[in-house]
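Taking it in order: structure first as structure tokens, then the write-up.
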Amino acid sequence: ETGVTQTPRHLVMGMTNKKSLKCEQHLGHNAMYWYKQSAKKPLELMFVYNFKEQTENNSVPSRFSPECPNSSHLFLHLHTLQPEDSALYLCASSQGTRVGTGDYEQYFGPGTRLTVT
Amino acid sequence: AQTVTQSQPEMSVQEAETVTLSCTYDTSESDYYLFWYKQPPSRQMILVIRQEAYKQQNATENRFSVNFQKAAKSFSLKISDSQLGDAAMYFCAYLRGSNYKLTFGKGTLLTVNP
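Same order as they appear, the protein sequences are chains A and B.
Residue 1 is where the first sequence starts when you use the working numbering, and the numbers rise one by one after that.
Residue 1001 is where the second sequence starts when you use the working numbering, and the numbers rise one by one after that.
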């Protein structure tokens, strides 16, 4: 595997289900990100992890719970979601988070298409 | 807050022709970075080209080039010799020099006609 991978690619879940999205990066990066991409809206940054520590929570509802066990893996645990949470969830990684050092470019995974019924 | 505006929801171009996608941004910062990302139907977001605001020279990557007008806060993408594989959603993005937060525009859907 190369780059950033995400599983599953498609997920349909009921509002009472619990599911998890997985992201893995094979680039040796230290920072990982979760984005939400909804139709007709710009990408929204949800969470940022740098060296396994969460450095950003962009006012995301608690029904979304991220987990970063190491710099290569990032999870998004989903619980009691709403239909409006249906979207494409993108994971990204970068070498670091400090702009100006050449390590700021973010590389994206293919996304998980989530449908909440 | 920074905003990125892509005023063209959709564009089309004939194969082998040239097309320009528009992007404007609003910022009070002097240190920032601009990007164009491409998202084909397979959904993988790919970095196409980047521009550092402190550089006056416009970035070029093969058939892709930008027209960066810092005073006008404009950052357009020109695709030359368009190919069918260029068909995708194109996103303009802004990165402030002091942090890692990318701000994206809403995107322009590019169709390439054979």
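Note that the Cβ used here is the ideal one computed from N, Cα and C, for glycine as well.
Residue nearest to residue 28 (chain A) within the set A:113, A:94, A:111 is A:94 (criterion: CA-CA distance).
Counting only runs of 4 or more residues that sit fully inside the region 41-76 of chain A, no alpha helix (DSSP H) segment turns up. Contact of residue 1105 (chain B) with chain A by beta-carbon distance below 7 Å involves 42. Leaving aside the five residues that flank residue 1047 (chain B) on each side, the residues in its chain whose CB is nearer than 7 Å to its CB run, in chain order, 1035, 1037. Identification of residues in the region 1084-1099 of chain B having a C-beta nearer than 9 Å to some C-beta of chain A yields 1091, 1093, 1095, 1096, 1097, 1098, 1099, given in sequence order.
Comparing alpha-carbon positions, the option among A:65, A:25, A:83, A:70 lying closest to residue 76 (chain A) turns out to be A:65. In the assembly as shown, residue 1043 (chain B) is a buried residue. Its beta-carbon has 16 or more other beta-carbons within 10 Å.
Under the DSSP definition of a beta bridge, residue 1026 (chain B) partners with B:1003. The straight-line gap separating the alpha-carbon atoms of residue 1080 (chain B) and residue 1050 (chain B) is approximately 17 Å. Between the alpha carbons of residue 31 (chain A) and residue 1110 (chain B) lies a distance of about 31 Å. At a cut-off of 7 Å between beta-carbon atoms, residue 83 (chain A) makes no contact with chain B. Beta bridge pairing from DSSP links residue 26 (chain A) with no other residue. Around the CB of residue 1054 (chain B), fewer than 16 other CB atoms lie within 10 Å, so the residue is classed as exposed. In this structure, B:1006 is the residue among B:1094, B:1006, B:1070 with its C-alpha nearest to the C-alpha of residue 40 (chain A). Between residue 1051 (chain B) and chain A, the shortest Cβ-Cβ separation is not below 7 Å. Residue 6 (chain A) has A:23 as its beta-bridge partners, per DSSP. Where residue 1067 (chain B) is concerned, the enclosing beta strand (DSSP E) starts and stops at 1064-1069.
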